[in-house]
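Chemist: Structure incoming, see below.
2 protein chains.
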Amino acid sequence: MGNYEDLQAKAIYLAKLVVEMTTAAGSGHPSSGAALTHIVTALMYRHMRYSPLDPWNLDADRLVLSEGHAVPIIYAAYADLGGAVGGSPESARRLTVEDLSSLRDIASVLDGHPNPSVGFPFFDAATGSLGQGLSVAAGLARAAKMDSSVRKVYCITGDGETREGQVWEAADFAMDYKLDNLRLFVSANGMGQSDYVSAQQSPERLEAKFKAAGWHARIIDGHNFAEIFDFLHSEADGPSVAVARTVKGWGVSEMQQIGYHGKPLEAEGAKKGIEELEKLRQSKNLPDGAALKILPPPPASKRYRTPRKSVSLGVPDFDKLLKGDSFAKTWTESRKISTRRAYGLALREAGAMDPSLVVLDGDVSNSTFSQYFKKSFPDRFVECRIAEQNMISVAVGLDAGGKLAVANTFGKFLERAYDQIELGLIGGSPLKLVGSHSGASLGPDGPSQMSLADIAYFRGMPNILVLIPADGISAFGLLELLLNHTGPAYMRTLRSDTAIIYGPDAVFEPGGSNRVAEGEEVILVAAGYMLHECLKVRSLLEKEGLKAGVIDAYSLPIQKGILTEILADRSRCVLVVEDNFAGGIGSEAAEYSAERGGARVKSMCLKRFPKSGRSASDTFAWLGISPKDIAREALGLARKK
Amino acid sequence: MGNYEDLQAKAIYLAKLVVEMTTAAGSGHPSSGAALTHIVTALMYRHMRYSPLDPWNLDADRLVLSEGHAVPIIYAAYADLGGAVGGSPESARRLTVEDLSSLRDIASVLDGHPNPSVGFPFFDAATGSLGQGLSVAAGLARAAKMDSSVRKVYCITGDGETREGQVWEAADFAMDYKLDNLRLFVSANGMGQSDYVSAQQSPERLEAKFKAAGWHARIIDGHNFAEIFDFLHSEADGPSVAVARTVKGWGVSEMQQIGYHGKPLEAEGAKKGIEELEKLRQSKNLPDGAALKILPPPPASKRYRTPRKSVSLGVPDFDKLLKGDSFAKTWTESRKISTRRAYGLALREAGAMDPSLVVLDGDVSNSTFSQYFKKSFPDRFVECRIAEQNMISVAVGLDAGGKLAVANTFGKFLERAYDQIELGLIGGSPLKLVGSHSGASLGPDGPSQMSLADIAYFRGMPNILVLIPADGISAFGLLELLLNHTGPAYMRTLRSDTAIIYGPDAVFEPGGSNRVAEGEEVILVAAGYMLHECLKVRSLLEKEGLKAGVIDAYSLPIQKGILTEILADRSRCVLVVEDNFAGGIGSEAAEYSAERGGARVKSMCLKRFPKSGRSASDTFAWLGISPKDIAREALGLARKK
C-alpha cells in the first residue's frame, strides 16, 4: 500500500468532489460513484494510456462506464485532470473543478448520466440504461483490433447490473473475438436500488459465471490499489474481469446505508461526509489530494477518424451483379428480386467503396443477405450470433471506434434492442440499421417474425431517417441515402421477391416521395410491399371507373416533393395503406395534413395481430387489407368527396 | 433401450409426420423439429402428467417450446394424441393427424410458430422470437408454487438460442425462486441458421454456465430415452437442465446439412426421407408407430381459472391512505402527490380486493411505488431484479398460470422488453404494464431514464389500452380501468408530485377524455405532466386575451367523449402538447381529424433528444416546449384561424 500514497490521496480528494457536486446538483448517485473511487483513480491517473487533452485519439485507451449513474467520480477525475470537453477539437476547452458544481445543469456538459453528445468526449457512448456498456466496450475493442491499434478498452459495471442478460451476450461475443484488449471491473458492493443484490450476483457466483464463459476472472478488493494493479498487469490471452468487492458510499458512513441509491447528501450531511474523508486522509498521513498533480501515461501513438466520402451506388445492373449467383436463374426468368437481396448486393458494392464500412448480423446473414458483404469482406463482417441487444451496442462501439457500422437482422428482432438503439442515438451514434422480413407480407412464418411496430417506433424519434424500398432499384438508391446520411437511419426490407417499379432515372431524396402511377380521384399512398398491392388496387378501381394515383412514400419524415403537395391540398382525398401497426406513414400523412387543414386522409393498417397464412394474400385478407378491402375503402372515400 | 420400443416406434412416426406436414405447407423448420423427436416423445407420451383433452387444467404439467420454429414435432404428437384445440373448452375439438396438412394455413390452429391465441391451448404463450420461453416457463412454475400446485413445467430451447441474454436472466430468476418444478432441455445440435453455433454454446460450455448459475446440469444424448428419463427422474432441489446432444434433421440425411434451417423438403426429398425413417424402423424391428396407442399419465388433480370480478377503487382519501407514511407530511403541506405514488397506493387497495393479482418489479419498487403492494402482499410480489426482458415473459407465464400480473419498472426500461411484450400480446396475454418516470419532465436524470417512445409504440398496437393519469385521483380511476380491461393495457406514471385536478365526481372511461378548463378559441390537448403545463399556458394566454380550453386525453385510442367532438369539428383549432416523441396523442388526434376533415391540429412534441436540466422547466425550455413556447404556438394558431 505504501507505494500508492499519491493515488490514495487523490482518491480521497475525488470522493470529496463527488459528495460536493451531487449535493450542489440536488440529485445524483454519490454512493455508487464513491464505490469506484480507487478503480477510477487507478485507471485514469496511472494505468490508462491517454491524454485528457485529446479524447479524440483513436489509439488512446478508453473507459466505458456501464453503470452510468456512478458518473460523478469520472467527472471529478476528469475535471482534476483538466480534460477536454466540447463537441470537437476546435471548440474544446478544459474542464475545471469549479465546473463540477454545474452537474446536471441544462447548460452543462456534465449530464446526469454519461453522454458524449452533450460535449463530454471522454465517453464514446451514452450509458445509464444498464447492462449495455460491456457491449460498447467490446465494439471499441473489436474496432481497435481491426486497425491493429495499441488501444486497450476498460469497462466498469455494477454487480446488480450483471443481472441484465446483455452482459452475458457481450461476454460470449468477447470470447468469440478473443478480445484480449478488453478488461472489465464489476463493482460488487452488494447493494441494488431497492434491496441487496441477489445471491446470483455475489462475487463468487459472478467469478464462476465469467470463468464458465471462458474469461479470465478473479475476485479483488476494489479499494486496494495493489490488487487493482495486479489485475491490470496480469497476462490474458482473452477478455478478463476483476469482480471487485467495493463499499457503496465508500468513505462516508451516511451513504453506506441500504436505500442510499439515487440520493445526494443534504448540505449538513455533505459537510460531515467531507470531514469524515478528511479525517481518513489525516489518519493515513496522506498529502492533500487537491494539490497533487498526477498525469496518466501518454498514448503510444495517435490516429484520428478520417472524414468519410459519400458513396455513390448508381443504378444496379442485376444481370451483372448476380453473375454466378444461385439466384441468377430466378432473376432472369422472373425479373423480380427481393429488396433484401438487392440491398445485400448494394451493400457489397458499398463495401468496395468505403473501407470504414463494417457490417453486423445476428446469425441471419443468409436471410438479411448481409452474406453478400460477408463473403466479399469477411474481415469487416462481425457475426453477433442470436443476441441482438449486444449487436446494437457493439455497433455503437464500432462507430465510436472509427467505423461506419451497419447492423442487420429481421426487423422484428431489432425490436429486442430498441432500448439499446435509443441509448445509441442519445449518445449521438449515427447507427445504420437494416431490418428485413418486415410487415405482415411475411405470411407463413407468422407474427413472431414480422416487424410491425418498427415504422411507428422509428418515425417518432428525432433525426432518424426511415427508408422503405419497394424494389431492387430503390434498394440501391435508398442504401445510398442511408450510408450518406450523417445521422442515424433505419431501412426495412422485404422477404418476397417483388417486381421492378423504377427506371434508371429514378430519384430518391431524404424525406422524398415518388408518383408511380397517375390518377387524381383518390391518391393511394404506400411503401414497400404495399406499394405493389396499391398498383393491384389501382387496376381494380380502374374497372370501377375510378382513377387512382399511387405514391411511393419511401422516406420518412415527409419533407418535400409530391406527397407534401398532395397532403397540403384540401381538395385531395388520400388513402394510406400499410401492413404494419398504426403510427407509420398514415400518422405522418395525417399530421402533415391536419396541421395545414389539407387533404382528407384515411389510414388502413393492422387492427389485429396477424396469424400465419400460406401466402401474404391469405394473411392480408384475414387482416382486412386485401386489394379488395383497399379498393372498397378507396371507393367509399372517393364517393364521400 | 429395449424398454422403449413403443416410444422408439412413436418417435419415428412423429418424425415422418414432421416431414410430411412441412412439405405440405411448403415452409417451416422440419430439421429443428426432428432434433427434438425423442425429447418430445418422452415428455408428451410418458413423463408429463396431463390430459391432451384438457389443456385448461392448471394442475396439469406444461411444456414451453422456446425454440418455436421446431413446433411441427409438437403438432405431430398432439394430433396423434387427439389433443383439444379451440379457443375455449366449450368450442374445443380434437386435433387429428389429417389436420397436420393444414400447417400454416390461414384457417388452421397450427400457426408457423406456437400461438395459443389462434386456438392451440396446449401452449401458454406465443414463442418464435428466441430466448423467451424459459422465462415464460419460470412464470408458470412460480404461479404453480404460489398455489402449491403439483404442476411441473418443462421447457425446450435451442443451443444457439441460449446466446440470448434473456435465457440467463431466467436462469437467475429460477434460482432466486428455487424453482425445483422447472426442467429445461437444451437441444444442442450445433447448428444455427447461417452457421454452426459458437463454441460459447457448446454442450460443455453450456453445462458449465448453468452450473455456475447454480443449476443442476448434465449433458445427455438427446436421442437416448434411457438418458432422457434418467434426467427427468433425477432429484433436484432447484431448477435443472439437460444439455441434450441432438442431430438437426434426425432420421433424414438430407436435412442434416448445414443451411437446412427454415426449409422443408421438396416432394421427392420428403418421400426419400420417409423411406429412410421407415427403413430405420424396420432395421430395429419396431412396431408401426401410427397404430400404437400410447397415453400420457393423467394429471394428479384438476384446478381451473376462476373468472375475475371487476375491481372498484373509488375516490381515494389520501389523508387516510397515507396515514403513517413518510410522505404524509409532504402531502398535508402541499396537497400534491405523484401519479406513481397514487398508483402504488391504488395497487395496494386492488391487492386486497383481488387475490389473483400479482405484481412484478425490476429492482425499482421504491421508485415505481409498487413497494406499497410489496409490503402488504409480499407473497404475491415477484422481484425480478434488473432484468426487464425476463420480467415481462415471467408476467406472461404468471398470467397463463391463472394470475393477473402487473409488471412495473421505469417506462424507459420497459423498452428493453418491447419484443417480449409484443410476443406476449401476440399470444393473447392480457399483460398489464406500468411504466414510471415517463416523459422529459424527468429533467435531472437525463434521457437515458426518460420514457419517450412509449406512447407511439403502444398506441399503434391492436387492442392495447393506453392510460395516462395526471393526478392522484385519475391514477385511481385509471388503474381501475387497467385492471378491469380484459385485454392488455399500459399506464405511464410520473416521478414528480403534481396538484390534484379532479374532484370526487370525475369519470374515466376507456378511450375517453375530460375537459379540465373551459375556453373555445384554441383547444389545448395533453395528458399527464403536460396537462399541468397546459393549465399554466392557459393563464399566459388569458393575459393575451385568448381563451383556451384544456382537454385531458388520458386514454388512447380516442374512442368517445369531448375530444372526439372537438376533433370532428372543422371550425376548431387544436394544439396537442407532449413531452415525448412524435406518434402519441398528436398523431392520434391528427388521424381522427384528417379522416373526418375536422379540426386543425398542430402537434408539439420532442424534436430533439433531451438532456439533463436541474428542473423539468429547464429541460422543457431547452426542448422548445416551455409554457412560453406553447403559448406562442397557440397564439399563432388562433390568429391563423
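Which chain is which? The protein sequence lines are D and R, in order. Residue numbering for the first sequence follows this note's numbering, starting at 1 and increasing by one per position. Residue numbering for the second sequence follows this note's numbering, starting at 642 and increasing by one per position. Glycine included, every Cβ here is placed at the ideal spot set by N, Cα and C. What you are looking at is a predicted structure, and each value in this text was computed from that prediction instead of being measured.
Using beta carbons (cut-off 9 Å, strictly below), is Ile-1271/R in contact with chain D?
Modeler: Not an interface residue.
Chemist: For a quick check, are the C-beta atoms of Ser-1180/R and Arg-1133/R less than 9 Å apart?
Modeler: Contact flag unset, no.
Chemist: Residues in its own chain within less than 8 Å of Ser-376/D by CB, not counting five upstream and five downstream?
Modeler: Correct list, in chain order: Arg-348, Gly-351 and Ala-352.
Chemist: Considering only their Cβ atoms, is the gap separating Ala-270/D from Glu-480/D smaller than 9 Å?
Modeler: No; because the gap between Cβ atoms is not below 9 Å, this pair is not in contact.
Chemist: For a contact defined as C-beta to C-beta under 7 Å, what are the partners of Lys-1243/R on chain D?
Modeler: Here the neighbours are Glu-595.
Chemist: Below 9 Å between beta carbons: does that hold for Ser-839/R and Asp-172/D?
Modeler: In contact: Ser-839/R and Asp-172/D (Cβ atoms closer than 9 Å).
Chemist: With a threshold of 9 Å between beta-carbons, can Ala-1223/R be considered close to chain D, or not?
Modeler: Answer yes: the Cβ-Cβ gap between Ala-1223/R and chain D drops below 9 Å somewhere.
Chemist: Would Leu-744/R and Pro-713/R qualify as a contact pair, given that the criterion is a beta-carbon distance under 9 Å?
Modeler: Taking 9 Å as the Cβ cut-off, Leu-744/R and Pro-713/R qualify as a contacting pair.
Chemist: His-113/D touches chain R at which residues, Cβ-Cβ below 9 Å?
Modeler: Result: Asp-1086, Gly-1087, Pro-1088, Ser-1089, Gln-1090 and Ser-1253.
Chemist: When you compare each of Gly-799/R, Ser-1267/R, Val-1217/R and Ser-749/R to Leu-677/R by their alpha carbons, which one comes out closest?
Modeler: It is Gly-799/R.
Chemist: If the criterion is Cβ atoms closer than 9 Å, does the pair Ser-1034/R and Gln-773/R meet it?
Modeler: Yes; because the gap between Cβ atoms is below 9 Å, this pair is in contact.
Chemist: Along the segment 888-915 of chain R, what residues have a CB closer than 9 Å to any CB found in chain D?
Modeler: Flagged, chain order: Gly-900, His-902 and Gly-903.
Chemist: When the Cα of Ser-758/R is compared with those of Glu-810/R, Val-1037/R, Lys-1201/R and Asp-702/R, which residue comes out closest?
Modeler: Among Glu-810/R, Val-1037/R, Lys-1201/R and Asp-702/R, the Cα nearest to that of Ser-758/R belongs to Val-1037/R.
Chemist: Quick one: is Lys-279/D buried, meaning 16 or more other Cβ sit within 10 Å of its Cβ, or exposed?
Modeler: Under this definition Lys-279/D is an exposed residue.
Chemist: Considering just the uninterrupted stretch of the alpha helix (DSSP H) at Asn-366/D, what are its terminal residues?
Modeler: Its alpha helix (DSSP H) spans residues 365-368.
Chemist: Closer than 9 Å, CB to CB, is Ala-438/D near chain R or not?
Modeler: Here residue 438/D turns out to be Ser, not Ala, going by the sequence shown. No, no contact with chain R.
Chemist: Tell me the DSSP secondary structure of Phe-866/R in three-state form.
Modeler: Three-state result, Phe-866/R: helix.
Chemist: For Ala-1140/R, is the classification buried or exposed, using 16 other Cβ atoms within 10 angstroms of its Cβ as the cut-off for buried?
Modeler: Exposed, because fewer than 16 other Cβ atoms sit within 10 Å of the Cβ of Ala-1140/R.
Chemist: Suppose only complete runs of 3+ residues qualify. What are the beta strand (DSSP E) ranges in the segment 572-599 of chain D, listed by chain order?
Modeler: Counting whole runs of 3 or more residues, the segment 572-599 of chain D contains the beta strand (DSSP E) stretches 573-577.
Chemist: Please work out which residues of its chain come closer than 6 Å, Cβ to Cβ, to Ser-593/D, disregarding the five sequence neighbours upstream and downstream, and give them in chain order.
Modeler: Hits under 6 Å: Leu-567, Ala-599 and Val-601.
Chemist: If distances are taken between C-alpha atoms only, which option among Pro-928/R, Arg-982/R and Cys-1025/R comes closest to Leu-1001/R?
Modeler: Ranking Pro-928/R, Arg-982/R and Cys-1025/R by Cα distance to Leu-1001/R puts Cys-1025/R first.
Chemist: Would Gly-1285/R count as contacting chain D if we go by Cβ distances under 9 Å?
Modeler: No answer is possible for residue 1285/R: it lies beyond the span of chain R, which begins at 642 and ends at 1282.
Chemist: For chain D, find out if any of its Cβ atoms is closer than 9 Å to the Cβ of Gln-1200/R; answer yes or no.
Modeler: No - not a single Cβ of chain D is within 9 Å of the one on Gln-1200/R.
Chemist: Kindly indicate if chain R contains any beta-carbon less than 9 Å away from that of Gly-133/D.
Modeler: Answer no: the Cβ-Cβ gap between Gly-133/D and chain R never drops below 9 Å.
Chemist: Could you pull the start and end residues of the alpha helix (DSSP H) that Gly-799/R belongs to?
Modeler: Segment 794-799 is the beta strand (DSSP E) holding Gly-799/R; no alpha helix (DSSP H) there.
Chemist: Counting C-beta neighbours from all protein chains within 10 Å, is the total for Met-642/R 16 or more, i.e. buried, or is it exposed?
Modeler: Low local confidence applies: a pLDDT of 42 at Met-642/R is under 50, so the model's placement there is unreliable, and no value is given.
Chemist: Would you say Gln-923/R reaches chain D, if we count a Cβ-Cβ gap shorter than 9 Å as a contact?
Modeler: For Gln-923/R, the answer is no, since every Cβ of chain D falls outside 9 Å of its Cβ.
Chemist: Have a look at Ala-582/D, Pro-89/D, Gly-190/D and Glu-578/D and flag the residue whose alpha-carbon is nearest the alpha-carbon of Phe-120/D.
Modeler: Closest by alpha carbon: Pro-89/D.
Chemist: What number of angstroms, rounded off, separates the C-alpha of Val-85/D from the C-alpha of Ser-91/D?
Modeler: Cα-Cα distance, rounded: 8 Å.
Chemist: In the DSSP assignment, find the unbroken alpha helix (DSSP H) run with Thr-973/R in it and report its ends.
Modeler: First-last of the alpha helix (DSSP H) with Thr-973/R: 969-975.
Chemist: Quick one: grab the DSSP three-state call for Val-118/D.
Modeler: Three-state DSSP puts Val-118/D in a helix.
Chemist: Can you find the residues in the same chain that come closer than 8 Å, C-beta to C-beta, to Gln-449/D, ignoring five residues on each side of it along the sequence?
Modeler: Phe-410, Lys-412, His-437 and Leu-442.
Chemist: Listing by chain order, which chain R residues have their CB less than 8 Å from the CB of Trp-331/D?
Modeler: Going along chain R, no residue has its Cβ under 8 Å from Trp-331/D, so there is no contact; the nearest lies around 20 Å.
Chemist: With a threshold of 9 Å between beta carbons, is Val-167/D in contact with chain R?
Modeler: Taking Cβ atoms only, chain R reaches closer than 9 Å to Val-167/D, which makes this a yes.
Chemist: Hey, Asp-317/D and Gly-833/R are a contact pair by Cβ (cut 8 Å); roughly how many whole angstroms apart?
Modeler: Contact doesn't hold; Cβ gap of about 33 Å is too wide.
Chemist: Answer with buried or exposed for Pro-55/D, where buried requires no fewer than 16 other C-beta atoms within 10 angstroms of its C-beta.
Modeler: Burial call: buried.
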